[in-house]
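Notes follow the structure.
Number of protein chains: 2
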Amino acid sequence: MAKAPASAWRTIPAEDLLVIDYEGGGRTIVQLAPAFAPVHVANIRALAGAGYWKNASVYRVQDNYVAQWGTNDDKAALPAGVVKRPPAEYTRPARGLAIRPFAYADSYAWKVGHAQGWPVALYRDGTASLTHCYGIVGVGRDLAPDTGMGGELYAVIGHAPRPLDRNIAIVGRVIEGIENLSALPRGTETLGFYKEGTVAKRIAGVALASALPPSERPSFQYMTETSPSFASYIQVRANRKDDFYQVPAGGLDICNAPVPVRRTPAP
Amino acid sequence: MAKAPASAWRTIPAEDLLVIDYEGGGRTIVQLAPAFAPVHVANIRALAGAGYWKNASVYRVQDNYVAQWGTNDDKAALPAGVVKRPPAEYTRPARGLAIRPFAYADSYAWKVGHAQGWPVALYRDGTASLTHCYGIVGVGRDLAPDTGMGGELYAVIGHAPRPLDRNIAIVGRVIEGIENLSALPRGTETLGFYKEGTVAKRIAGVALASALPPSERPSFQYMTETSPSFASYIQVRANRKDDFYQVPAGGLDICNAPVPVRRTPAP
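Heads up: the sequence lines are chains A and B, in that order. Positions 1 to 267 (my numbering) are the ones given, in order, by the first sequence. Positions 1001 to 1267 (my numbering) are the ones given, in order, by the second sequence.
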């Protein structure tokens, strides 16, 4: 990865970076996925811009599953511009995604691979979805598919819960500071919720990187799947053989091939 | 699961339960897998019996990978009966395992399924291995395959690192108290190791359940893959459709089908 040339990297737009700051310090940065859930992502940008998460918290931490945060208040007033009942953006047409498919079987989808820097599953009906890998961020919802507007978000902190694919809106992935969610004490109530009146962590504020002063704006790059460096990365992940790995796997699942992401190097 | 009859459950022998108690409270219980790594498991029983882990600690916590514990001292004297260089029990013959294979493709192995209450991968060369799922416990080792005698153990606390299959000895799985490992602060050094002189958690003692007084002996049961209840469990995991799951997965990976384990009910 260190050897990948500059041409292998794409800078993530600042409006695609959601910066979550915790009370008492610590930060989690989420890269948003507007190409897969445009209405939900627009909602999240509007919520961040309006300071919606000012008194939010992480209130659910379920082992080997998810950490969830937000206001935990479905009666909170919504800022202007937020679509209260966004469409169920759980899949999108595969058309338009130049996916680089894996040569290896997937247990869930017709094909998997990467497109636009994201892990993607393709289905036989011509739809595509992001895949619920470690660190993926989705929109909590109630039973009805149109009940999640983006105010309550979760990150995967365990084995990829792929059965959620196509059943919930994925809006991004954690690219820095996952340990501020994954290492929290597990909630003791059903589904890892914290006891009424307690929370795992308080959120000081959430902002888009584009809303921060330029000098404080974090910047990240991902390795594009169209680069030879990425092809070589996948090849090595699937066939690692070295002093430790005596038997190459000869296969790979989409969630064991996280897209390489790095801080943008100083010019 | 609550509906499964008593005949679906098998009691785990007390000599297959490794009980890890932490200083300051908390406990993690590991079910050992003698059918897959007999020499390593015999070592672990001997180490527990000799109090080898009395001053041990959890000294490595790598996010989305493993938490590792032991003496972290490869010069520690070994108790009698411990094989210093056990054979590389990374696979075993598939023969003798009445595996219930999945109907779904696996990204790594020829077939996967369950046998004797464990998640198993079968390979075309006639070998079988346990699979590195969340909670699986393996033996830390150096580069040479015969360098792990069982004194340093790790548990998977992230997405299943399946490329480790066939490259390391799996000796069991955590069946209770995984959160005492998975929710620990991540180590700040390379590979999640803690800084020299610091540890994540101190271990007060490790004992086999069979060595505890009967009144303090924990007892667990697993659901056997030969039961109709288990078949129905797999069926539901792969095809969940309810008020929340609008689109059944139609597939399943071996690590999203953890073998149900419960405390043995009072008679």
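Ideal placement from N, C-alpha and C gives every residue a C-beta, glycine not left out.
Closer than 9 Å at the beta carbon, the chain A residues around A1160 of chain B: H159, A160, D253, C255, N256
Cutoff 7 Å; reference A1046 of chain B; Cβ partners in own chain excluding five residues on either side: P1079, G1081, V1082
Residue nearest to Y1154 of chain B in terms of C-alpha spacing, selected from B:D1146, B:I1170, B:R1166, B:P1145: B:I1170
Continuous beta strand (DSSP E) stretch holding L1181 of chain B: start and end: Taken as a continuous stretch (DSSP letters only), L1181 of chain B belongs to no beta strand (DSSP E), being part of the alpha helix (DSSP H) at 1179-1182.
Where F1193 of chain B meets chain A, residues with beta-carbon distance less than 7 Å: The contacting residues do not exist; F1193 of chain B stays about 15 Å from chain A at best.
Classification of A115 of chain A by the beta-carbon crowding that lies within 10 angstroms, buried from 16 upward: Classification for A115 of chain A: buried.
Whole-angstrom distance between G1158 of chain B and N64 of chain A, CA atom to CA atom: 7 Å
Which listed residue (A:N180, A:D73, A:R95, A:Y90) has its alpha carbon closest to that of E152 of chain A: A:D73
Straight-line Cα distance separating V1174 of chain B from L1212 of chain B: 19 Å
Own chain residues within Cβ distance below 8 Å of P185 of chain A, not counting five before or after: V61, A200
Distance, M1 of chain A Cα to T264 of chain A Cα: Cα-Cα distance, rounded: 14 Å.
Neighbouring residues, chain A, relative to Q1246 of chain B (Cβ below 9 Å): A88, Y90, P145, R166, N167
DSSP three-state assignment for H1114 of chain B, whether helix, strand or coil: Under the three-state reduction of DSSP, H1114 of chain B is assigned to strand.
Nearest residue (CA-CA) to Q1031 of chain B, options B:I1178, B:T1071, B:L1164, B:G1172: Closest by C-alpha distance to Q1031 of chain B, out of B:I1178, B:T1071, B:L1164, B:G1172, is B:G1172.
Nearest-angstrom Cα separation, counted from V156 of chain A out to K54 of chain A: 23 Å
8 Å Cβ cutoff, P1101 of chain B in contact with chain A: Chain A, which has no Cβ nearer than 8 Å to the Cβ of P1101 of chain B, makes this no.
Continuous beta strand (DSSP E) stretch holding S1057 of chain B: start and end: 1057-1061
The segment 1091-1102 of chain B touching the segment 1141-1149 of chain B, judged by at least three CB pairs closer than 8 Å: Judged by pairs of C-beta atoms under 8 Å, the segment 1091-1102 of chain B does not touch the segment 1141-1149 of chain B, as fewer than three such pairs exist.
Per-residue burial, Q1068 of chain B [other beta carbons within 10 Å of its own, 16 or more giving buried]: By the 16-neighbour rule on beta-carbons within 10 angstroms, Q1068 of chain B is buried.
CB contact below 8 Å: D125 of chain A versus chain B: Not closer than 8 Å to any Cβ of chain B, the Cβ of D125 of chain A fails to qualify, so no.
T1224 of chain B burial status per 10 Å Cβ neighbour count (16 or more: buried): buried
Contact set for G1190 of chain B: own chain, Cβ-Cβ below 7 Å, skip 5 residues either direction: The sequence shown places Thr at residue 1190 of chain B, not Gly. Hits under 7 Å: none found.
Host beta strand (DSSP E) of F1220 of chain B (start-end): Under the DSSP assignment, F1220 of chain B falls in the beta strand (DSSP E) whose first and last residues are 1220-1223.
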